[in-house]
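The letter at position 86 of the sequence shown is residue 87 when you use the numbering used here, and the numbering goes up by one with no holes.
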Amino acid sequence: MFDRISGVYDRMNRVMTAGLDQSWRARAAERARLEPGMKALDLCCGTGDLSLMLAERVGPEGEVIGADFSQPMLDLALEKAKDEGLRQVRFKWADALQLPFEDERFDALTIAFGARNLADLDQGLSEMRRVLVPGGRLVILEITQPRRQPLAGFFGLWFDRIVPMLGKVAGDSSAYTYLPESVRSFPDAEALAGRMDSAGFRHIRWTLMAGGIIALHSGVR
Numbered sequence: 002m003f004d005r006i007s008g009v010y011d012r013m014n015r016v017m018t019a020g021l022d023q024s025w026r027a028r029a030a031e032r033a034r035l036e037p038g039m040k041a042l043d044l045c046c047g048t049g050d051l052s053l054m055l056a057e058r059v060g061p062e063g064e065v066i067g068a069d070f071s072q073p074m075l076d077l078a079l080e081k082a083k084d085e086g087l088r089q090v091r092f093k094w095a096d097a098l099q100l101p102f103e104d105e106r107f108d109a110l111t112i113a114f115g116a117r118n119l120a121d122l123d124q125g126l127s128e129m130r131r132v133l134v135p136g137g138r139l140v141i142l143e144i145t146q147p148r149r150q151p152l153a154g155f156f157g158l159w160f161d162r163i164v165p166m167l168g169k170v171a172g173d174s175s176a177y178t179y180l181p182e183s184v185r186s187f188p189d190a191e192a193l194a195g196r197m198d199s200a201g202f203r204h205i206r207w208t209l210m211a212g213g214i215i216a217l218h219s220g221v222r
């Protein structure tokens, strides 16, 4: 599915979020607390927008790996990195449930709008913790269902009706029908914090943005 929508992925993200998705990614990059020379993994990196933000923070002496299971997405991410001249970032095909990296490899790990796509969230969190150094930070940026009206009603209308229509215009209505289904089946912000705690993360904090539609979580190994 993600291979099919790679060509319209960035455009659809901008349309669906009224252009706010990049500012949310910037908040995630800030929460990672990276310093020059550090190493970071951007998991489920898609077309690499957050990976590039992390690369700017670690500088030429640092390292960022963007990992995803969609090769067409990774190809687009690589082109962006080349255009920006960011040699400290590279992209790699990877299964988030069996990461091809050694233990304690990264100072920070980010995952933006990808956690809800994991077939086994708890296994994914376990792998994320494994590849982080002690004291390393996990940052999760994800869509969440707002609880308060009228935003909850608008959220349902937007994701149930309008987003699939936009997907149809973009040429893949099934992919954008999957989006609201995946959000509904994913833990809410409080429950996700609990799952992070169960996976062994500490100092967990989370912030709601955009009126409660977007959740930004962080935790420390």
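By construction, the Cβ of each residue, glycine as well, lies at the ideal position given by its N, Cα and C atoms.
Beta carbon of Phe92 nearer than 8 Å to that of Ala109: no
My output table needs one value for Pro73: the three-state DSSP class, helix, strand or coil. helix
Please go through the same chain and pick out, in chain order, the residues whose beta-carbon is closer than 7 Å to the beta-carbon of Gly136, but skip the five residues on each side of it. Val221 and Arg222
Compare the C-alpha of Ala68 against each of Leu87, Glu182, Thr48 and Leu193 and name the closest. Thr48
Between Ala29 and the rest of its own chain, which residues show a CB-CB distance below 7 Å, the 5 nearest in sequence each way excluded? Leu51, Thr111, Ala113, Val140, Leu142 and Leu217
Return the residue from the list Gly63, Leu21, Arg206 and Asp84 that minimises the CA-CA distance to Phe107. Gly63
Going by the CB atoms, is the gap between Val90 and Ala82 shorter than 8 Å? yes
Taking the C-alpha atoms as reference points, what is the distance between Ala120 and Ser186? 11 Å
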